[in-house]
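Positions -26 to -1, 1 to 275 (mature numbering (1 follows the signal peptide of the UniProt record, and there is no 0)) are the ones given, in order, by the sequence shown. Beta carbons are placed, not taken as given, at the ideal position from N, Cα and C, and that holds for glycine. Right, one structure below, let's go through it.
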Amino acid sequence: MMRRSHVLLLILISLLFLSISPPWEAEAWGKEGHFMVCKIAEGYLTERTSAAVADLLPASANGDLAAVCSWADEIRFHYRWSSPLHYINTPGVCTYKYSRDCHNSKGVVDMCVVGAINNYTEQLYSYGDSTSSYNLTESLMFLAHFVGDVHQPLHVGFEADEGGNTIIVHWYRRKTNLHHVWDVSIIETAMRDFYGDNLTTMIDGIKMNITNGWSHDVDHWENCPNKRATCANSYALESIHLSCNYAYKDVEQDSTLGDEYFFSRYPVVEKRIAQAGIRLALILNRIFDGSSSDDGKVLVQ
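Encoded structure:
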């Protein structure tokens, strides 16, 4: 009996450790951030695109793209090969180059978030082709997630600190790391302080900013001269600049980040979520409704 109890204890401990993601596998934007990105995108899909997306979504999503926007994080322990697809590391410089930076730890090229966005976009162009061998449901869910990832500034961060994962800080009184602050803490604090802990209200607030405060910026966000491929390279370059100018700036090991950091960084987070949603809609409209006018651009509602 004692031996059996000992074995059961070891199993429970093993399961506990398997359930804990290592720090370099933190979820970009957290579930709430990814949900917001996809929910914003849904509002700007054309009718034809919406029908294609609904056709590809798993039954469990009930027709809601946002419901599966965190799927790529949830299956990383099953699809271990996909972990490098969530981010890009630079060698400690505030610029990004695909040829230098888009690879996994073994040097395999194209294994980064930009490579993943381009790859799954290309796969989805085979929608409607009966000879396609791709799992387009997974392609869609990967693409939706990775477009969100590339807009989280610290998913294009420095290799030495794993995108801020090894930089320990205090978010007000809570000990965490810098990457988690940008994934989760800033969003949670904003939702609590500004939106009554209501995710729908926060989404509505961001949509209102898109319609009013950022309405003149949307054309620039959508400016993508690549007719078939994406402009994920440009999105990654934006993120590394934001990492240097906002995320890493004035932060050291054991820094305490409070109101000054929050109020100056939250506008960046909110805008990146909005940009990710608008650009995800643009990519999907190009794929599934390429014959539509204005090159698949969304209309600010």
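Short Cβ contact (8 Å threshold) for residue i with residue j
| i | j | result |
| --- | --- | --- |
| residue 250 | residue 138 | no |
| residue 120 | residue 203 | no |
| residue 9 | residue 173 | yes |
| residue 20 | residue 219 | no |
| residue 223 | residue 17 | no |
| residue 111 | residue 31 | yes |
| residue 72 | residue 200 | no |
| residue 3 | residue 102 | no |
| residue 253 | residue 162 | no |
| residue 114 | residue 242 | no |
| residue 7 | residue 247 | yes |
| residue 82 | residue 61 | no |
| residue 108 | residue 210 | no |
| residue 76 | residue 66 | no |
| residue 228 | residue 22 | no |
Close beta carbons around residue i, own chain, < 8 Å, minus the five adjacent residues each side
| i | result |
| --- | --- |
| residue 79 | 58 |
| residue 276 | Since the first residue shown for the chain is -26 and the last is 275, residue 276 is missing from the structure and cannot be characterised. |
| residue -16 | Low confidence applies here, because residue -16 scores a pLDDT of 38, under 50, leaving its location unreliable; read the following figure in that light. Nothing listed; no residue qualifies. |
| residue -5 | Annotation note: pLDDT 39 at residue -5 (below 50); position unreliable, no value reported. |
| residue 171 | 165 |
| residue 168 | 176 and 179 |
| residue -7 | Confidence at residue -7 is low in this model, with a pLDDT of 35, below 50, so the placement of that residue is unreliable and no value is reported for it. |
Cβ-based neighbour list, residue i, same chain, cut-off 6 Å, excluding 5 preceding and 5 following
| i | result |
| --- | --- |
| residue 106 | 100 |
| residue 14 | 251 |
| residue 177 | 10 and 13 |
| residue 231 | 143 and 145 |
| residue 63 | 133 |
| residue 198 | 205 |
| residue -14 | Confidence is the limiting factor: at residue -14 the pLDDT is only 38, short of 50, which leaves the residue's position unreliable, though a coordinate-based value still follows. There are no such residues. |
| residue 116 | 46 and 94 |
8 Å contact criterion, which residue i and residue j should meet: CB distance rounded
| i | j | result |
| --- | --- | --- |
| residue 118 | residue 43 | 5 Å |
| residue 39 | residue 261 | Not quite, the Cβ-Cβ distance comes to about 13 Å (not below 8 Å), so this is no contact. |
Same chain, Cβ closer than 7 Å to residue i, five either side skipped, listed in chain order
| i | result |
| --- | --- |
| residue 194 | none |
| residue -1 | Interpretation of residue -1 is limited by its pLDDT of 47, a score under 50 that renders its predicted location unreliable; the figure taken from the coordinates is listed afterwards. For residue -1, where only same-chain residues beyond five positions count, the Cβ hits under 7 Å are 139, 153, 154 and 157. |
| residue 255 | 15, 18, 19 and 272 |
| residue 217 | 127, 128, 130 and 131 |
| residue 5 | 44 |
| residue 35 | 41 and 42 |
| residue 239 | 160 and 220 |
Residue i: CB within 7 Å of a non-hydrogen atom of the ligand ZN
| i | result |
| --- | --- |
| residue 7 | The ligand ZN is absent from the structure shown, which contains no ligands of any kind. |
Run through the region 110 to 167 for me and flag every whole beta strand (DSSP E) of 3 or more residues, listed as ranges in chain order.
130 to 132, 142 to 145 and 148 to 151
Does the region 153 to 161 come within contact of the region 126 to 142, defined as at least 3 CB pairs closer than 8 Å?
yes
Sequence ranges, alpha helix (DSSP H) only - wholly within the region 165 to 243, length at least 4:
173 to 185, 192 to 195 and 206 to 216
Threshold first: 3 residues or longer. Then list the beta strand (DSSP E) segments lying entirely within the region 18 to 94, N to C.
62 to 64
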